[in-house]
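Colleague: What follows is a structure written as structure tokens; I'll ask about it next.
Residue numbers (UniProt numbering): 1 to 448.
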């Protein structure tokens, strides 16, 4: 079996013909499981298709508690056990119909290979992508520049990881509330923001790009941080950092000519999406796999080959794959106290809020900004600039300074106790291990 099993990404017309003759079948069953809705997808196989299916489910804020993946020739079958955020089965007929139509649509199954980073023209906003070295007050400085340039931030997502920062920011013109199209003005925005992003003599240059359209924001953030090599760690890893890292292993399965990936980490929403983003963008194909969650821990097991048909075949490739998967899990797990701020939207609001955080010694580790119906709903994950937990007195002071804004403090989840047992047998495809060699087997204590 080789890469010929997967429909060539460049041969869309042939793929569309095959799909027209054999359309995908989606089965949704609320009776097969006591505690979850079971969704089965059977379709023509194609690189990236597994990620596209998971993306549909995670965009609906559904929780995937179990998943089984199997491909045979040019076909694949995925089975997902899903619940809503409250752990309930899906009963809303509109949601069920949306899932059915989305997973059976051409848009889901036959996008271009990197459709999630494509540009779709939009008159609503201008999308700005930023990458650079993370530092305290960076978001505040970016927001201040945008405010000075008469740009209104309507939506933004910011991630930081391993000294790097990435953001996708949607802005509009302050006066027209529409996309900014003037090339000269866009050039000025780019120049000034790049000046803000530059830091010391970092060999990785600050980057900023402008597009008049939308992306799948979280998929794009993964790609931006991957391209920025946030998986590379400078210097030695501290012992405490080692304890907090996810557990990743990459092994050989010589009998079946696969490489096997085992991942254990603290469970959280969108974890499966995050790992599949990296595997897909690193050009790996998942032929078989299983995902299982329980007791706050997630287990993922994949049988993969590179898109060229070969398994992982060097120690350098193995090491890089482990690093990249660790980074994919860690990006969304930035520590910090979760603060939710709700208030009337206005020009310069985000600049004011981030300035208040900076002046009170807080560092923003991650942020999600949104506006709807004249309301701003912003979520920030913050810590002291030293990395220490936020003092209650600091929160009280910020509340006084933000006045009528609603500031909610959401307790950070308690670290889960690391598992004492390290399993090397799969939940679903464990018999494949009979021909597997434990080569460069790297196990790290469970992510906490």
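Where is the CB? At the ideal position from N, CA and C, for every residue including glycine.
The model shown is predicted, which means the values in this text are computed figures rather than measured ones.
Smallest Cα separation from residue 51: which of 140, 274, 86?
Modeller: As a first step, residue 51 is located in the chain shown; it is residue number 51 there, counting from the start. Out of 140, 274, 86, 274 has the C-alpha closest to the C-alpha of residue 51.
Colleague: So residue 160 and residue 366 are supposed to be a Cβ contact under 8 Å. How far apart are they, rounded?
Modeller: For this step, residue 160 is matched to residue 160 along the chain shown. For this step, residue 366 is matched to residue 366 along the chain shown. With 8 Å as the limit, residue 160 and residue 366 qualify as a contact, their Cβ atoms being about 6 Å apart.
Colleague: Could you spell out the range, first to last residue, of the alpha helix (DSSP H) harbouring residue 196?
Modeller: As a first step, residue 196 must be located in the chain shown, where it is residue number 196. Segment 183-197, the alpha helix (DSSP H) holding residue 196.
Colleague: Take every Cβ of the segment 257-273, pair it with every Cβ of the segment 301-311, and state whether three or more of those distances are shorter than 8 Å.
Modeller: Flag = yes, the segment 257-273 and the segment 301-311 touch.
Colleague: Measuring only the C-alpha atoms, how far is residue 294 from residue 64?
Modeller: For this step, residue 294 is matched to residue 294 along the chain shown. For this step, residue 64 is matched to residue 64 along the chain shown. Their backbone Cα atoms lie some 11 Å apart in a straight line.
Colleague: Residues in its own chain within less than 6 Å of residue 206 by CB, not counting five upstream and five downstream?
Modeller: Start at 1 with the first residue of the chain shown, and residue 206 comes out as number 206. So the list reads 132, 194, 197, 198, once near-sequence residues are dropped.
Colleague: Looking at C-alpha atoms only, which residue of 376, 140, 407 is the closest neighbour of residue 396?
Modeller: For this step, residue 396 is matched to residue 396 along the chain shown. Ranking 376, 140, 407 by Cα distance to residue 396 puts 407 first.
Colleague: What is the DSSP secondary structure of residue 116, reduced to helix, strand or coil?
Modeller: Numbered from its first residue, the chain shown carries residue 116 at position 116. The predicted model places residue 116 with a pLDDT of 32, which falls under 50 and marks its position as unreliable, so this point remains unresolved.
Colleague: Helix, strand or coil for residue 252, going by three-state DSSP, please let me know.
Modeller: In the chain shown, the residue the question calls residue 252 occupies position 252. Residue state, collapsed to three classes: strand.
Colleague: In terms of residues, what are the limits of the alpha helix (DSSP H) holding residue 392?
Modeller: As a first step, residue 392 must be located in the chain shown, where it is residue number 392. It spans 392-402 - the alpha helix (DSSP H) in which residue 392 sits, taken as one unbroken run.
Colleague: Relative to the C-alpha of residue 36, which candidate in 56, 130, 292, 76 has its C-alpha closest?
Modeller: Residue mapping note: residue 36 aligns to position 36 of the chain shown, counting from 1. Comparing Cα positions, the closest option is 292.
Colleague: Once the 5 residues before and after residue 265 are set aside, which same chain residues still bring their CB inside 6 Å of it?
Modeller: The sequence position of residue 265 within the chain shown is 265, counting from 1. 246, 298, 329, 447.
Colleague: What is the rounded straight-line gap between the Cα of residue 342 and the Cα of residue 354?
Modeller: Start at 1 with the first residue of the chain shown, and residue 342 comes out as number 342. Start at 1 with the first residue of the chain shown, and residue 354 comes out as number 354. Cα-Cα distance, rounded: 14 Å.
Colleague: Roughly how many angstroms lie between the CA atoms of residue 168 and residue 127, to the nearest whole one?
Modeller: As a position in the chain shown, residue 168 is number 168, starting the count at 1. As a position in the chain shown, residue 127 is number 127, starting the count at 1. Each residue's Cα considered, the two are about 7 Å apart.
Colleague: From residue 53 to residue 403, what distance separates their C-alpha atoms?
Modeller: On the chain shown, position 53 is the one that residue 53 refers to. On the chain shown, position 403 is the one that residue 403 refers to. Looking at the two C-alpha atoms, the distance is approximately 43 Å.
Colleague: Whole angstroms is fine: what's the gap from residue 96's alpha carbon to residue 60's?
Modeller: Within the chain shown, residue 96 is the residue found at index 96, counting from 1. Within the chain shown, residue 60 is the residue found at index 60, counting from 1. Cα-Cα distance, rounded: 11 Å.
Colleague: Have a look at the DSSP bridge pairing and note the partners of residue 98.
Modeller: Translated into the one-based positions of the chain shown, residue 98 becomes position 98. Answer is none; residue 98 lacks a bridge partner.
Colleague: Under the rule that 16 or more other beta-carbon atoms within 10 Å means buried, what is residue 357, buried or exposed?
Modeller: To locate residue 357, count along the chain shown from 1; it is residue 357. It is buried - the Cβ of residue 357 has at least 16 other Cβ atoms within 10 Å.
Colleague: Measuring only the C-alpha atoms, how far is residue 141 from residue 31?
Modeller: Walking along the chain shown from the start, residue 141 turns up at place 141. Walking along the chain shown from the start, residue 31 turns up at place 31. Their backbone Cα atoms lie some 53 Å apart in a straight line.
Colleague: Rank 269, 252, 270, 268 by C-alpha distance to the C-alpha of residue 262 and give the top, closest one.
Modeller: For the purposes of this step, residue 262 is identified with residue 262 of the chain shown, where counting begins at 1. Nearest of 269, 252, 270, 268 to residue 262, Cα basis: 252.
Colleague: According to DSSP, simplified to helix, strand and coil, what is residue 388?
Modeller: Along the chain shown, one-based indexing puts residue 388 at 388. Coil.
Colleague: Around the Cβ of residue 351, are there at least 16 other Cβ atoms within 10 angstroms (buried) or fewer (exposed)?
Modeller: Taking the chain shown and counting its residues from 1, the one referred to as residue 351 is at position 351. With 16 or more Cβ atoms within 10 Å of its Cβ, residue 351 is classed as buried.
Colleague: Is the beta carbon of residue 49 closer than 9 Å to that of residue 100?
Modeller: Start at 1 with the first residue of the chain shown, and residue 100 comes out as number 100. Start at 1 with the first residue of the chain shown, and residue 49 comes out as number 49. Not in contact: residue 100 and residue 49 (Cβ atoms no closer than 9 Å).
Colleague: Got a sec? Which residues, its chain only, sit under 8 Å from residue 180 by beta carbon, not counting five neighbours each side?
Modeller: Here residue 180 corresponds to residue number 180 of the chain shown, with the count starting at 1. 126, 151, 171, 172, 173, 186, 189.
Colleague: Judging by CA-CA distance, which residue of 191, 153, 364 is the nearest neighbour of residue 349?
Modeller: The residue you call residue 349 lines up with position 349 of the chain shown. Residue 153 is the option with its Cα nearest to residue 349.
Colleague: So the alpha helix (DSSP H) residue 487 belongs to, where does it begin and stop?
Modeller: The question about residue 487 has no answer here: the residues shown for the chain are numbered 1 through 448.
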